[in-house]
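Same order as they appear, the protein sequences are chains A and B. Using my numbering, the letters of the first sequence map in sequence onto residues 1 to 262. Using my numbering, the letters of the second sequence map in sequence onto residues 263 to 480. Quick reminder that beta carbons are idealized off the backbone N, C-alpha and C, glycines included. Please read all numbers here as calculations on a predicted model, not as lab measurements.
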Amino acid sequence: MAALQSGRVSGLLTLIYLIGMVIYFALRSRKGRVPGLRRIPGLDAIDEAIGRAAEMGRPVFISHGIGNMTDATYGPQTIAGLGVLSYVAEKCAELGTRLYVPVRQLTIWPIAVELCETGYKKAGRPEDFNPTDQVRFLSSDQFGFSSNYMGWMWRERAAANIMIGAYWAESLQLAETGARIGTVQVGGTANTHQIPFFVAACDYALIGEEIFCAGAYLSKDAEMIGSLAGQDMGKLLSIVLIVLGVLLVTAGSDILTKILSW
Amino acid sequence: MIVMAWYRRVEIPIILTIIFCIFQVVPYFFVVPAWESAAKDFVDWDAVMETFALFIGFTTLLMLHGRIVAQRRRGWYWSAWVLITMIGYTIVGIPIPSIGLGKGTPLFEAIRLYVLTPLSGAMYASLGFWIASAAYRAFRARTIEAGVLLLSGTLVMLANAPIGTAIWPTFTPIRKWIFDVPNMATMRAITIGAALGAIALGARTLMGRERGYLRGGE
Numbered sequence: 001m002a003a004l005q006s007g008r009v010s011g012l013l014t015l016i017y018l019i020g021m022v023i024y025f026a027l028r029s030r031k032g033r034v035p036g037l038r039r040i041p042g043l044d045a046i047d048e049a050i051g052r053a054a055e056m057g058r059p060v061f062i063s064h065g066i067g068n069m070t071d072a073t074y075g076p077q078t079i080a081g082l083g084v085l086s087y088v089a090e091k092c093a094e095l096g097t098r099l100y101v102p103v104r105q106l107t108i109w110p111i112a113v114e115l116c117e118t119g120y121k122k123a124g125r126p127e128d129f130n131p132t133d134q135v136r137f138l139s140s141d142q143f144g145f146s147s148n149y150m151g152w153m154w155r156e157r158a159a160a161n162i163m164i165g166a167y168w169a170e171s172l173q174l175a176e177t178g179a180r181i182g183t184v185q186v187g188g189t190a191n192t193h194q195i196p197f198f199v200a201a202c203d204y205a206l207i208g209e210e211i212f213c214a215g216a217y218l219s220k221d222a223e224m225i226g227s228l229a230g231q232d233m234g235k236l237l238s239i240v241l242i243v244l245g246v247l248l249v250t251a252g253s254d255i256l257t258k259i260l261s262w
Numbered sequence: 263m264i265v266m267a268w269y270r271r272v273e274i275p276i277i278l279t280i281i282f283c284i285f286q287v288v289p290y291f292f293v294v295p296a297w298e299s300a301a302k303d304f305v306d307w308d309a310v311m312e313t314f315a316l317f318i319g320f321t322t323l324l325m326l327h328g329r330i331v332a333q334r335r336r337g338w339y340w341s342a343w344v345l346i347t348m349i350g351y352t353i354v355g356i357p358i359p360s361i362g363l364g365k366g367t368p369l370f371e372a373i374r375l376y377v378l379t380p381l382s383g384a385m386y387a388s389l390g391f392w393i394a395s396a397a398y399r400a401f402r403a404r405t406i407e408a409g410v411l412l413l414s415g416t417l418v419m420l421a422n423a424p425i426g427t428a429i430w431p432t433f434t435p436i437r438k439w440i441f442d443v444p445n446m447a448t449m450r451a452i453t454i455g456a457a458l459g460a461i462a463l464g465a466r467t468l469m470g471r472e473r474g475y476l477r478g479g480e
């Protein structure tokens, strides 16, 4: 066992189990056995919000958070947010709604531009897209970004504000500004300390894991939906371990703790 | 056109993602010194790319605000101010200490200490007011859930305010119970769910199915 890092064996086994389950259910869905997916009102509301913006002739703001893509904790949230951006860009292009994307991370700016450009091309309106005007790098400073975002949203009288990704203290500033303007807001993050702010100030909030299934939910891709069932198998394992752990610790045994820290 | 086509294929970023992911994951679980070194190098590459990306930021800001100023769009003077401060601070940061420019020089530090830091602090401090207005919105007990939130929020506030504990000292253990039991349980559930979601997203990305971030899956 010298080749394995001490204390990470159970983590490796859990990771193998989870990835195995995700692949198994994804492949099962490919054969037509697609599991049912519960409704997520926050994601359903995105189309409605874009439609409302089109009727009002006001823009849609969408942000993928302020985190980068490389961080192990916040990267997946940014990727999830970019997946939603991809969907929203195409919808906005189809309906002729103005789309604005505030960006904090410089390395993500070209990716966001590329996503929007593709969305406009897919909708058959590539000429409507202006990269520097619509996808704006605001500031790499947290509050420089948030103050710019708030001012921009206020000046343009945004009709919809979609925020899905990693957020920190600026979450409440952005959500409250949107609420004051009267935008339809969808907020979602996995940063636990910011979730209450989105719940309080947004019309729809995506809590934790819900943001990670946004890509599957919006794309309606059978394999991706199937992979969510694999994720649920991870939850099942967690529940079993928690219950088992509670029982064993109550009985005075720390065997499970030892196994998990192996 | 053929040359354009091959490097724009989404398979290439997916393959690169898989390669770099393996280089990060393997040394986390296995003792492979050579891989550890490679993994560290890749992290350093990221820092280098971030630095190069500064030029993207500078250029896009210059293009955007330059155009706003040139076209005298609404609020153009704010854009002019952005350009003045950005170019000005860039010049101040050029490392020529002999004429008082560069990081660590009195001028550079003065701008950082007496302009940037207070502005940032003021923005952070304003959060208190944002919380007050959000709390007003959240604490309207129109549903059972909002009612529970109102009750628990009021109890925590009373425990935090000196007058609350002066009236009834038991507010402190009540606050502790709220934090340690229902709040902790919920936080852990959300954290576990989010971690599983992130792993599943990672698996889908490595399988090449999660393509939303890759030119809309095209």
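What is the DSSP secondary structure of residue i, counted as helix, strand or coil?
i: residue 472 of chain B; result: coil
i: residue 401 of chain B; result: coil
i: residue 440 of chain B; result: helix
i: residue 165 of chain A; result: strand
i: residue 450 of chain B; result: helix
i: residue 155 of chain A; result: helix
i: residue 264 of chain B; result: Because residue 264 of chain B sits at a pLDDT of 47, beneath the cut-off of 50, its placement in the model cannot be relied upon, and the point is left open.
i: residue 423 of chain B; result: coil
i: residue 466 of chain B; result: helix
i: residue 160 of chain A; result: strand
i: residue 248 of chain A; result: helix
i: residue 4 of chain A; result: strand
If you check the beta carbons only, do residue i and residue j fall under 9 Å apart?
i: residue 22 of chain A; j: residue 64 of chain A; result: no
i: residue 404 of chain B; j: residue 224 of chain A; result: no
i: residue 411 of chain B; j: residue 400 of chain B; result: yes
i: residue 460 of chain B; j: residue 190 of chain A; result: yes
i: residue 283 of chain B; j: residue 476 of chain B; result: no
i: residue 463 of chain B; j: residue 18 of chain A; result: no
i: residue 175 of chain A; j: residue 145 of chain A; result: no
i: residue 422 of chain B; j: residue 402 of chain B; result: no
i: residue 363 of chain B; j: residue 354 of chain B; result: yes
i: residue 4 of chain A; j: residue 391 of chain B; result: no
i: residue 201 of chain A; j: residue 172 of chain A; result: yes
i: residue 20 of chain A; j: residue 262 of chain A; result: no
i: residue 129 of chain A; j: residue 103 of chain A; result: no
i: residue 247 of chain A; j: residue 43 of chain A; result: no
i: residue 212 of chain A; j: residue 456 of chain B; result: yes
Does any CB atom of chain B fall closer than 9 Å to the CB of residue i?
i: residue 100 of chain A; result: no
i: residue 197 of chain A; result: yes
i: residue 228 of chain A; result: yes
i: residue 26 of chain A; result: yes
i: residue 155 of chain A; result: yes
i: residue 65 of chain A; result: no
i: residue 87 of chain A; result: yes
i: residue 248 of chain A; result: no
i: residue 127 of chain A; result: no
i: residue 243 of chain A; result: no
i: residue 142 of chain A; result: yes
i: residue 83 of chain A; result: yes
i: residue 146 of chain A; result: yes
i: residue 4 of chain A; result: yes
Along chain B, in chain order, which residues have C-beta atoms closer than 8 Å to that of residue i?
i: residue 221 of chain A; result: 471
i: residue 76 of chain A; result: 459, 460, 463, 464
i: residue 12 of chain A; result: 291
Is there at least one Cβ from chain A nearer than 9 Å to residue i's Cβ?
i: residue 312 of chain B; result: yes
i: residue 428 of chain B; result: no
i: residue 291 of chain B; result: yes
i: residue 382 of chain B; result: yes
i: residue 334 of chain B; result: no
i: residue 294 of chain B; result: yes
Determine the chain B residues that contact residue i at a beta-carbon separation under 7 Å, and present them in chain order.
i: residue 19 of chain A; result: 465
i: residue 207 of chain A; result: 452
i: residue 213 of chain A; result: 459
i: residue 169 of chain A; result: 386, 389
i: residue 133 of chain A; result: 326
i: residue 231 of chain A; result: 458, 459, 462
Interface residues of chain A around residue i at Cβ under 7 Å?
i: residue 449 of chain B; result: 192
i: residue 400 of chain B; result: 200
Given that residue i touches chain A, what residues does it touch there, using C-beta distances under 9 Å?
i: residue 308 of chain B; result: 68, 70, 107
i: residue 355 of chain B; result: In chain order: nothing, as chain A lies at least about 14 Å away.
i: residue 318 of chain B; result: 106, 107, 109, 110, 137
Residues of chain A with CB closer than 8 Å to the CB of residue i, please, in chain order.
i: residue 392 of chain B; result: 172, 173, 176
Can you list the residues of chain B that residue i reaches, using a CB-CB cut of under 9 Å?
i: residue 179 of chain A; result: 395, 396, 399
Identify every run of the alpha helix (DSSP H) within the stretch 85 to 134 of chain A, keeping only runs that are complete inside it and at least 4 residues long; order them along the chain. The stretch 85 to 134 of chain A contains these whole alpha helix (DSSP H) runs: 109 to 122, 131 to 134.
Ordered list of alpha helix (DSSP H) runs contained in the stretch 169 to 230 of chain A, each at least 4 residues: Positions of the alpha helix (DSSP H) runs, each at least 4 residues long and wholly inside the stretch 169 to 230 of chain A, are given as 170 to 181, 195 to 201, 214 to 219 in order along the chain.
Please give the ranges of any alpha helix (DSSP H) in the stretch 312 to 385 of chain B, keeping only runs that are unbroken, at least 4 residues long and fully inside the region. The stretch 312 to 385 of chain B is shown to contain whole alpha helix (DSSP H) runs of 4 or more residues at 338 to 355, 368 to 373, in chain order.
Report the start-end ranges of each beta strand (DSSP E) in the stretch 7 to 79 of chain A that is 3 residues or longer and not cut off at the edges. Complete beta strand (DSSP E) runs here, min 3: 60 to 65.
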